[in-house]
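Before any comments, here is the structure.
Residue numbers (the working numbering): 88 to 347.
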């Protein structure tokens, strides 16, 4: 979606900013949702939802990046690219022996968030210094989840997130500005991305802490379902749905629920 000149601008972005936090509560317009939904259609069709990404409420975030990360260097800036289209620059190395977050763990980050439009400087719309989130629960933009998954505690990254990994999908995806002005700014910037059909969400993120969630009941794991297991699960669910539909048509009473 971006020209080569715009890609070069993104490569040369360096961060000298402090990082920060906010509370998610934001709704996007139908026009923006339709535009971004078309951007992720191809990627999501190829992704297999994993146990690690599904929570008790049925929220699922497909794991887009499965494969080697490639790295290129231009003008002294090392840019990493994943299979999903996420790009990132390591601004500060974390502890080499430190852990990376697992799905289901609680993660504390500091961040600053921007929108990058072609031929325009970064425009900030949010920041915070202590944002607590549950990693992989499907409530945050996919590009952030993917970028965090391989970070080490103490590491700082600039995540360059394409629209298909940004503010897309059903429901409210964070992190989002807490103030009405911040939400207005984000709305306006996303509308501008649609108008020019280009741009990225840019997050400067520092991974500060990782904690186990004592309330987690085991709905998160990092292992993905194999294609065979996924097809079996899908077939079983489809069969149960058909059986339930046939019983309703036949007027069979469900003894467990008392429903007909």
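Virtual Cβ for every residue (Gly too), placed ideally from N, Cα, C.
These numbers come from a predicted model, not from an experiment.
What is the DSSP secondary structure of residue i, counted as helix, strand or coil?
i           : result
residue 269 : helix
residue 225 : coil
residue 285 : coil
residue 337 : helix
residue 325 : helix
residue 294 : strand
residue 130 : Because residue 130 sits at a pLDDT of 42, beneath the cut-off of 50, its placement in the model cannot be relied upon, and the point is left open.
residue 260 : coil
residue 155 : coil
residue 162 : coil
residue 318 : helix
Under 7 Å between the Cβ atoms of residue i and residue j?
i           : j           : result
residue 241 : residue 168 : no
residue 223 : residue 215 : no
residue 174 : residue 289 : no
residue 368 : residue 285 : As shown, the chain starts at 88 and ends at 347. That puts residue 368 outside it, with no answer to give.
Return the residue from the list the options that minimises the CA-CA distance to residue i.
i           : options            : result
residue 238 : 189, 302, 265, 285 : 189
residue 245 : 252, 208, 179, 329 : 179
residue 225 : 218, 248, 255, 250 : 255
residue 192 : 267, 177, 298      : 298
residue 176 : 186, 163, 208      : 163
Would you say the stretch 293-301 touches the stretch 193-206, given that touching needs at least three Cβ pairs under 8 Å? The stretch 293-301, when compared against the stretch 193-206, does touch it at the 8 Å Cβ threshold.
Using a Cβ distance threshold of 8 Å, determine whether the stretch 318-330 contacts the stretch 202-222, with at least three qualifying pairs required. The stretch 318-330 vs the stretch 202-222: no contact.
Does the structure place the stretch 263-282 close enough to the stretch 156-170 that three or more beta carbon pairs sit under 8 Å? By the criterion of at least three beta-carbon pairs nearer than 8 Å, the stretch 156-170 is not in contact with the stretch 263-282.
Ranges of the alpha helix (DSSP H) found wholly within the stretch 171-246, counting only runs of at least 4: Runs of the alpha helix (DSSP H) inside the stretch 171-246: 229-235.
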